[in-house]
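Report on the following structure.
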Amino acid sequence: MTDERKKALNLLKTSKGQIEGIIKMLENDRYCVDISKQILAVQGLLKKSNLNILDAHIKSCVKEAILEGHGDEKIDEIINVLDKYIK
Numbered sequence: 000m001t002d003e004r005k006k007a008l009n010l011l012k013t014s015k016g017q018i019e020g021i022i023k024m025l026e027n028d029r030y031c032v033d034i035s036k037q038i039l040a041v042q043g044l045l046k047k048s049n050l051n052i053l054d055a056h057i058k059s060c061v062k063e064a065i066l067e068g069h070g071d072e073k074i075d076e077i078i079n080v081l082d083k084y085i086k
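The opening position of the sequence shown corresponds to residue 0 in numbering that gives the first Met the number 0, with each subsequent residue numbered one higher.
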């Protein structure tokens, strides 16, 4: 497992814990703004995790495909993901 994948895994595990905390906050009828802030924090972790995965992909799979002369397909894949990420 690459360092970027390890980082992504740790971020996802942290997100999982935060989501469990958010569920408890809802069950305990906590203040809406506090819940919203926690949801935004999880979204940030998920985005960062996704960027780590994409970083590893670009540095390995995409780089290899380019060196082998067939990188267009991999580049298109990344562009499609980034397009969804930006929206």
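For glycine and all other residues, C-beta sits at the position ideal for the given N, C-alpha and C.
The structure presented is a predicted model; accordingly, all values stated were derived computationally and were not measured.
**Asked** Residues in its own chain within less than 8 angstroms of alanine 40 by CB, not counting five upstream and five downstream?
**Response** One-based indexing of the sequence shown puts residue 40 at position 41. Closer than 8 angstroms at Cβ, skipping near neighbours: Gln17.
**Message:** Using a Cβ distance threshold of 8 angstroms, determine whether the stretch 32–52 contacts the stretch 4–11, with at least three qualifying pairs required.
**Reply:** yes
**Message:** Whole angstroms are fine: how far does the CA of isoleucine 77 sit from the CA of glycine 20?
**Reply:** Walking along the sequence shown from the start, residue 20 turns up at place 21. Walking along the sequence shown from the start, residue 77 turns up at place 78. Taking the straight line joining both Cα atoms gives about 33 angstroms.
**Message:** Rounded to whole angstroms, what is the Cα-Cα separation between valine 80 and aspartate 2?
**Reply:** Stepping through the sequence shown from its first residue, residue 80 is reached at position 81. Stepping through the sequence shown from its first residue, residue 2 is reached at position 3. Roughly 21 angstroms separates the two Cα atoms.
**Request:** Assign leucine 115 to buried or exposed, taking buried as 16 or more other Cβ atoms, counted over all protein chains shown, within 10 Å of its Cβ.
**Result:** It is not possible to answer for residue 115, since the shown part of the chain is limited to 0 through 86.
**Item:** Residue range of the alpha helix (DSSP H) that includes aspartate 33
**Value:** As a working note, residue 33 is residue 34 in the sequence shown. It spans 31–56 - the alpha helix (DSSP H) in which aspartate 33 sits, taken as one unbroken run.
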